[in-house]
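A.B. asks: Starting off with a structure, shown below.
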Amino acid sequence: MKVVEPKVFLVGETRVHEGGLQAYLEHIGVASWGTDAPSDVERLTEVMGRLCYRSFEPGLNPNVKRVRQGNAKYLENIIRVRHGSVLEHGVMNFIFADVSRVVTHELVRHRAGTAISQESLRFVRLEELSVYAPTQIRESEEGMEVFVRTIEQLEELQRTLAEIYGIEDEQEFDAKKKLTSAFRRVAPIGVATTIGWSCNIRALRHVVEMRTDPHAEEEIRLLFGKVFDLVRERYPNLFGDYEVETVDGLPWVKTACGKV
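Okay, so the sequence shown: first residue is -7 according to the working numbering, each after it adds one.
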């Protein structure tokens, strides 16, 4: 048995196609337009917002006599007025490792604006069981002892079933798959797994707000606290409106601009 905590890896993100963007800017007559956006995700978000009003520079749209300069000020206004559809263009690709199936069962409820690929225990055979130990369990020596003993027994059960059915000597992968699928039925819901989770900015803001709330489950609060730390540093102009309060030792990420 191994006690683990959720781990967050940002493995991909939207990139601007420079040639295409420049061609568009030339097409509308602002070939020299630029921005101080600190990332391509924030630059693309600004471009998509400005094209809605043709507000790249004053006079491009006869109704627009002045425009906000700078990516930070522009996106701050986008978020303040809840022009949320603009935030759907930039996408991030995460891998969450050492998260329990408690977390993944809750995470897959957030479907709008996301893509999900999860490690399959029909194909991946369990041997050592890795788990997250919640605070309430860790705070009791007696409770932790029961917790550890139970996980170790279930771990041993996986090995025993593997021996009974001779899966190591099985040559046909289809047979291994069926046996592995059968064995997983006696694995705990708390067993650690890996999930690929991609989302747009609008979806991520919503999930961060929902899943760091003090009423959310502990492990998923810990996970999305780590996600927020990562994206706040990487995309400061898209997450700069948030403030963080610590509740029960975990971050509560909140904003006056919720449900953008």
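Don't be surprised by glycine CBs; every beta carbon is placed ideally from N, CA and C. Predicted model only: the values in this text are computed from it and were never measured.
Around the C-beta of phenylalanine 88, are 16 or more other C-beta atoms found within 10 angstroms, so that it is buried, or is it exposed?
C.D. replies: By the neighbour-count rule (16 or more Cβ atoms within 10 Å), phenylalanine 88 is buried.
A.B. asks: With DSSP as the reference, please indicate the residues paired to proline 118 in a beta bridge.
C.D. replies: For the sequence presented, residue 118 should be read as leucine rather than proline. Looking at the DSSP assignment, leucine 118 forms no beta bridge with any residue, so it has no partner.
A.B. asks: Whole angstroms are fine: how far does the CA of threonine 142 sit from the CA of lysine 170?
C.D. replies: Taking the straight line from one Cα to the other gives about 25 Å.
A.B. asks: Tell me whether serine 31 is buried or exposed, calling it buried when 16 or more other Cβ atoms sit within 10 Å of its Cβ.
C.D. replies: The residue in question, serine 31, is buried, as its Cβ has 16 or more Cβ neighbours within 10 Å.
A.B. asks: Can you list, in chain order, the residues of its chain whose CB lies under 8 Å from that of glutamate 46, leaving out five sequence neighbours each side?
C.D. replies: Glutamate is not the amino acid found at residue 46; the sequence shown has arginine there. These residues qualify, in order along the chain: Ile20, Leu52, Asn53 and Val56.
A.B. asks: Just the Cα atoms here: how many angstroms apart are isoleucine 187 and asparagine 63?
C.D. replies: Their backbone Cα atoms lie some 32 Å apart in a straight line.
A.B. asks: Might you give, ordered along the chain, the residues of its own chain that have their beta carbon closer than 6 Å to the beta carbon of leucine 99, omitting 5 neighbours on each side?
C.D. replies: Closer than 6 Å at the Cβ level, and outside the excluded window around leucine 99, lies no residue.
A.B. asks: Would you identify the three-state DSSP class for serine 31, choosing helix, strand or coil?
C.D. replies: In this structure, serine 31 counts as coil in the three-state DSSP scheme.
A.B. asks: Just how far apart, CA to CA, sit glutamate 211 and threonine 37?
C.D. replies: Cα-Cα distance, rounded: 31 Å.
A.B. asks: Taking only the alpha-carbon atoms, compute the straight-line gap between proline 180 and glycine 41 and give it to the nearest angstrom.
C.D. replies: Near 46 Å, if we compare the C-alpha coordinates of glycine 41 and proline 180.
A.B. asks: From which residue to which residue does the alpha helix (DSSP H) around glutamine 61 run?
C.D. replies: Segment: none, glutamine 61 is in no alpha helix (DSSP H) and carries neither H nor E.
A.B. asks: Among the candidates Glu133, Gly135, Phe220 and Ile159, whose CA atom is the shortest distance from the CA of glutamate 119?
C.D. replies: Checked all of Glu133, Gly135, Phe220 and Ile159; the closest Cα to glutamate 119 is Ile159.
A.B. asks: Looking at the strands, I want to know which residues DSSP matches up with methionine 84.
C.D. replies: The partner list for methionine 84 (beta bridge, DSSP) reads Glu5 and Cys191.
A.B. asks: In this structure, does DSSP put leucine 52 in helix, strand or coil?
C.D. replies: Note: leucine 52 maps to coil in three-state DSSP.
A.B. asks: Among Met136, Pro243, Glu80 and Ser173, whose alpha-carbon lies nearest the alpha-carbon of serine 190?
C.D. replies: Ranking Met136, Pro243, Glu80 and Ser173 by Cα distance to serine 190 puts Glu80 first.
A.B. asks: Extract the residue ranges of the alpha helix (DSSP H) inside the segment 88 to 118, only unbroken runs of 4 or more that lie entirely within it.
C.D. replies: For the segment 88 to 118, whole alpha helix (DSSP H) runs of length 4 or above, ordered along the chain, are 93 to 99.
A.B. asks: Using a Cβ-Cβ cut-off of 7 Å (strictly less than) and excluding sequence neighbours within five positions of arginine 194, which residues of its own chain qualify?
C.D. replies: The residues are Gly76, Leu79, Glu80, Gly105 and Val252.
A.B. asks: For valine 0, which three-state DSSP category applies?
C.D. replies: Note: valine 0 maps to strand in three-state DSSP.
A.B. asks: In whole angstroms, what is the alpha-carbon distance linking glutamate 201 and glutamate 162?
C.D. replies: Taking the straight line joining both Cα atoms gives about 48 Å.
A.B. asks: Start and end of the beta strand (DSSP E) containing glutamate 253?
C.D. replies: Shown here, the chain extends from -7 to 252; a query on residue 253 therefore has no answer.
A.B. asks: Where glycine 135 and isoleucine 129 are concerned, what is the direct C-alpha to C-alpha distance, given to the nearest angstrom?
C.D. replies: Cα-Cα distance, rounded: 6 Å.
A.B. asks: Between valine 39 and leucine 2, which are expected to be in contact by the criterion C-beta below 8 Å, what is the C-beta distance as a whole number of angstroms?
C.D. replies: Not really, about 22 Å apart at Cβ, beyond 8 Å.
A.B. asks: Could you check if arginine 203 is buried or exposed, using at least 16 other CB atoms within 10 Å of its CB as the buried criterion?
C.D. replies: Buried is the call here.
A.B. asks: Kindly indicate which three-state DSSP category threonine 185 falls into: helix, strand or coil?
C.D. replies: It is a strand residue.
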